[in-house]
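Under our numbering, the residue at position 45 of the sequence shown is numbered 31, and the numbers go up by one with no gaps. Single-structure report; data block below.
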Amino acid sequence: MIELRGVHSLDPETAKTHQRLLQKLKYCKEVMVSIRNESALQHMQGQAQLPVGAERESKGLKASIR
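Pasting the structure below:
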């Protein structure tokens, strides 16, 4: 569970909303890091396999939403 630091005067409903937003932000960060890592991996593999001057077809990445 994520802990809100320095926020002591929030009512329970507001605190719950903030908690949900923080969880969603953390999930989004995980997705973005995953996309970045996959893109870097594909880029490195593509450079190693393609001859000089060859163009590579770009592929779209899909992220699942929980």
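Backbone N, C-alpha and C define an ideal beta-carbon position, used for all residues, glycine too.
Do you know offhand how far residue 9's Cα is from residue 31's? Within the sequence shown, residue 9 is the residue found at index 23, counting from 1. Within the sequence shown, residue 31 is the residue found at index 45, counting from 1. Roughly 33 Å separates the two Cα atoms.
Would you kindly work out how many angstroms separate the C-alpha atoms of residue -2 and residue 21, rounded to a whole number? Start at 1 with the first residue of the sequence shown, and residue -2 comes out as number 12. Start at 1 with the first residue of the sequence shown, and residue 21 comes out as number 35. Looking at the two C-alpha atoms, the distance is approximately 35 Å.
Nearest-angstrom beta carbon gap, residue 11 and residue 4 [assumed within contact, 8 Å]: Residue numbering aside, residue 4 sits at position 18 when the sequence shown is read from its first letter. Residue numbering aside, residue 11 sits at position 25 when the sequence shown is read from its first letter. That belief does not hold up - the Cβ atoms of residue 4 and residue 11 are roughly 10 Å apart, past 8 Å.
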